[in-house]
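Visitor:
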Amino acid sequence: MSKKSILLLCCSLCFVSATVANTPVRNTRSKQVNSKAKTERTKTQDSVRFLGNMVADRLEFRNKVSSEKEVRKAEYESRLAMESLNYPAVDIYGEDSWSEYVNPFVGADVEIPESYDIDCSSFVMPVEDKQVTSEFGYRRRFGRMHYGIDLSVNRGDTIRAAFDGKVRVRNYEHGGYGYYVIVRHPNGLETVYGHMSRQLVHENQIVRAGQPIGLGGSTGRSTGPHLHFETRFMGIPINPSTIIDFDNGVPLRDVYTFHRGSSTRYAKAGKGSRVASKRKGRNSATPKTYRIRKGDTLEAIAKRNGTTVAKLCAKNGISKKKTLTPGKALRIK
């Protein structure tokens, strides 16, 4: 074998060896790079997944807390609403005014607010027919006051509650209202429904606006079927037509503001009437109860009602550190 052949063979062997030796290194490096990239991608995906789950958990927690707050708020408002129906307008009427008389304050002293806002937005017409057959005011022909308005009905027509409230009186008066019902409402009004042929509710029953409370008729001092309808505030008659647009069956405004003195003159006009005589001797005095509102303190309530914290605590059997619950009633006097 010539030197040339031997040299060529050696070169070939060296080339093959180098190729074989280098090939695994490149594959290993490639695998390492791919593995590292895959690991990085996995870490990134895991991080994104973790963050996504964390955000989702936070949103779920926040929604759950928000939902629970809304439920608690709804339950609280529901309890307040039910309490306001069980004790309608107790903050101005007091607890001792649940009497059998049309004027709940007959023979008693009570403070009449100088002004009071009455929410009328939930009003429902007490009858289907909106025709007013007799207006509010003094009747020269009979020499007496007409403390409400008369609405046209037929015997047996459904009479409905004008607002949510609680039935204070269910009675019969032969020489006056006939079969009648009086409902006290949380907005401060009392409504009277007279001359019915039948009463469908009982005393102390909670009624909703639009709920049937009686049937149309002509009982008592009546010349024909009609509903005698009155609106009163703390026993004082108010012309219903200043509150309600009877042509359209809706309130004239959502909030009616009562002003002391603007309605009392009507009570004086019918001096010999049953209701007017019961209003004699009404003076200004401290309210007997107070409905706790959000943010109230014993000091503020005492100052507002001309008394002391010590007297409030003694009257209600509570301590000065008592936590006040909105909606509850405090005895003032």
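Residue numbers (mature numbering (1 follows the signal peptide of the UniProt record, and there is no 0)): -20 to -1, 1 to 313. Where a beta carbon is used, it is the ideal one built from N, C-alpha and C, also for glycine.
(1) Using the Cα positions of Lys302 and Ile72, report the straight-line distance between them to the nearest angstrom.
(2) What does the Cβ neighbour count give for Met62, buried or exposed, with the cut at 16 atoms within 10 Å?
(3) Between the Cα of residue 318 and the Cα atoms of Gly117, Val112, Gly174, which residue gives the shortest distance?
(4) In chain order, what residues of the same chain lie with their CB nearer than 8 Å to the CB of His239, ignoring the 5 residues before and after it?
(5) With distances taken from CA atoms, which of Arg119, Glu55, Ala88 is nearest Met214?
(6) Who does Asn151 pair with in a DSSP beta bridge?
(7) Give the secondary structure of Ala69 by DSSP, where H, G and I count as helix, E and B as strand, and everything else as coil.
(8) Please classify Pro106 as buried or exposed, where buried requires at least 16 other C-beta atoms within 10 Å of its C-beta.
(9) Measure the CB-CB distance between Thr171 and Glu108 and report whether it falls below 8 Å.
(10) Quick one: any contact between the stretch 153 to 160 and the stretch 114 to 123, if contact means 3 or more CB pairs under 8 Å?
(11) Which of helix, strand or coil does DSSP assign to Pro220?
(12) Is the CB-CB distance between Leu131 and His206 below 8 Å?
(13) Using the Cβ count rule (16 or more neighbours within 10 Å means buried), how would you classify Ala141?
(14) Going by Cα to Cα distance, which pick from His208, Gly74, Leu65 is closest to Leu195?
(15) So, under 8 Å CB-CB, Gly200 and Glu153 are touching, yes? Tell me the CB distance rounded to an integer number of Å.
(16) Where Asp234 and Asn33 are concerned, what is the direct C-alpha to C-alpha distance, given to the nearest angstrom?
(17) Relative to the C-alpha of Ala309, which residue among Ile272, Ser64, His175, Asp97 is closest?
(18) Drop a sphere of 10 angstroms on the beta-carbon of Asp137, count the other beta-carbons inside from all chains shown, and report buried for 16 or more, exposed for fewer.
(19) When DSSP labels each residue in this structure, what does Ser88 get in the three-state scheme?
(20) Which residues in the same chain have their Cβ closer than 7 Å to the Cβ of Ser114, if we skip the five residues on either side of it in sequence?
(21) Looking only at its own chain, which residues have a Cβ that is under 7 Å from the Cβ of Ser77, when we skip the five neighbours before and after it?
(22) Let me know the secondary structure DSSP gives Phe41 once reduced to three states.
(23) Taking the alpha helix (DSSP H) that Ala294 falls in, what are its first and last residues?
(24) Are there 16 or more other CB atoms within 10 angstroms of the CB of Pro166, so buried, or fewer, so exposed?
(25) Given a cut-off of 8 Å, decide if Arg164 and Pro68 are closer than it, judged by their beta-carbon atoms.
(26) Roughly how many angstroms lie between the CA atoms of Thr186 and Ala54, to the nearest whole one?
Guide: According to the structure shown:
(1) 23 Å
(2) exposed
(3) An answer regarding residue 318 cannot be provided, because it is not within the stretch -20 to 313 covered by the chain.
(4) Glu94, Ser95
(5) Ala88
(6) Tyr160
(7) coil
(8) buried
(9) no
(10) no
(11) helix
(12) yes
(13) buried
(14) His208
(15) 6 Å
(16) 49 Å
(17) Ile272
(18) buried
(19) For clarity, residue 88 is Ala in the given sequence; the question names Ser instead. Residue state, collapsed to three classes: coil.
(20) His126, Ile129, Asp130
(21) Pro84, Phe85
(22) helix
(23) 289 to 296
(24) buried
(25) yes
(26) Per the sequence presented here, residue 186 reads as Ile, with Thr not at that position. Looking at the two C-alpha atoms, the distance is approximately 20 Å.
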